[in-house]
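For reference, the structure discussed in these notes is given below.
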Amino acid sequence: VHNKQNILHAPKQHKHPIELGFVQVGTESSWRAANSSSIKKAAQDFGIELKFKNANQSMENQIKAIRSFIRERVDVIAFSPVVQTGYEDVLREAKMAGIPVILTDRELGLKDDSLWLTSIGSDFQEEGRRAARWLLEQTKGVKKEINIVELQGTSGSSPAVYRKKGFEELLKNNSNYHIIASKSADFTKEAGRRVMKEYLKKYGDKIQVVYAHNDDMALGAIEAIEESGKNPGKDILIISVDATREALNALSAGKLNLTVECNPLLGPELMKAITDYVEGKEIPVKIITEEGIFSQENAKRDYLNRAY
Ligand code: AHR
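In terms of UniProt numbering, the sequence shown is residues 318 to 625.
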């Protein structure tokens, strides 16, 4: 635990109830829908007044929304950056105005970490490693070449950058694993389906594994594979990230092989950090959520209790 309040500014007088301006990435995935609901519900539970804006996957929209929250002089601003760069100026403006900023879910690639109070979310690189670890384990002893196609999330976003990095990190010492194609499908089901169709057309039977940076893209890819007459989960191994209810369903049906958990239910942690901040308590510089993996073996058992 390391306190950044002194670096940034001491908590000032705040409104009653506390006013939070939150800028969401968009509505690209079912993970995102669960994340938005969690934030709205937790704000109510904590008695925080939430001003919620949706940026429709655009960095420019997020910057505009943050500026409008600065003008309105909200007590705290929180957002999940669409991409890792481009926010420096607006964050400086927030700092000058004395409004603390909290990052949730996605992170920034900026050196000056005095521009935000704390960040709450997953370890995306570890998620990529978990995906690779499982693949290496499943294919242990296979001597022939293993060709992988990758469906990346939004270009320049921290989950896309680090899920790719973590996955490659573990595969690079195994010379028979090849990522033969890697393209962004923007975290959406439609784009996952479209890009997978292109991959199938270009590489056909060469493809043994799909690594999708989220479940929505994997579900789109599953549809494309079925349309091509192949069996997803059997002819081609499918690995993804998020562990949504729909993905657990696909695991139970044998169409998906693994989903690495990424927890969207960040609302309570965010509201707790805000409450602690205004009360002048110490808050950690980074709050990392604990996560696991779901394979076909445990999907059926966990499906019923899945909250998203
Ligand atoms: O930033 C988290 C990612 O964004 C989730 O994995 C994905 O589903 C969402 O769109």
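Where a beta carbon is used, it is the ideal one built from N, C-alpha and C, also for glycine. Because the structure is a prediction, the values reported are computed rather than measured.
- Residue environment for Leu621: exposed (fewer than 16 other C-beta atoms within 10 angstroms of its C-beta).
- At a Cβ-Cβ threshold of 8 Å, Trp348 and Asn531 count as neighbours.
- At least one heavy atom of the ligand AHR falls within 7 Å of the beta-carbon of Glu345.
- Here Ile539 is buried. Its C-beta has 16 or more other C-beta atoms within 10 Å.
- Annotation: the stretch 533-604 contains the following complete segments of the beta strand (DSSP E) (minimum length 3 residues), in chain order: 554-559, 575-578.
- In chain order, Lys368, Phe386, Val391, Ile394 place their CB closer than 6 Å to the CB of Gly338, counting only its own chain and leaving out the 5 sequence neighbours on each side.
- With respect to Gln401, Leu420 sits apart: the two C-beta atoms are not nearer than 8 Å.
- Residue burial is scored here from C-beta neighbours: Gln361 has fewer than 16 other C-beta atoms within 10 angstroms and is therefore classed as exposed.
- For Pro476 against Gly470, the beta-carbon gap comes to about 5 Å, under 8 Å, which counts as contact.
- Contact fails between the stretch 408-418 and the stretch 574-589, because fewer than three Cβ pairs, one in each stretch, are under 8 Å apart.
- Gly343 carries a coil assignment under DSSP once its states are collapsed to helix, strand and coil.
- With contacts defined as CB atoms closer than 8 Å, Arg623 and Leu575 fail to qualify as a contacting pair.
- Membership of Lys381 in the alpha helix (DSSP H) is indicated by the continuous run 376-389.
- With a cutoff of 8 Å on beta-carbon distance, Leu568 and Ser612 are scored as near each other.
- When only Cα atoms are considered, Lys523 and Asn464 end up about 7 Å apart.
- The residues Asp392, Val595, in chain order, have a CB closer than 6 Å to that of His331 in the same chain once the five nearest residues on each side in sequence are set aside.
- Closer than 7 Å to some heavy atom of the ligand AHR: that describes the Cβ of Asp533.
- Taking 7 Å as the cut-off, the C-beta of Trp348 counts as close to a heavy atom of the ligand AHR.
- In its chain, beyond the 5 residues on either side, Leu565, Phe611 have a beta carbon closer than 8 Å to the beta carbon of Asp619.
- Taking the CA atoms as reference points, Ile591 sits about 48 Å from Asp552.
- Non-local beta-carbon contacts of Ser545 in its own chain, meaning distances under 7 Å to residues more than five positions away in sequence, involve Leu517 in chain order.
- Residue side-chain check: Asp440 keeps its Cβ at 7 Å or more from all non-hydrogen atoms of the ligand AHR.
- Counting the other CB atoms within 10 Å of its CB gives Asn548 a total below 16, which places it among the exposed residues.
- In the three-state scheme derived from DSSP, where H, G and I count as helix and E and B as strand, Gln525 is classed as coil.
- According to the DSSP secondary-structure assignment, Glu462 is paired through a beta bridge with no residue.
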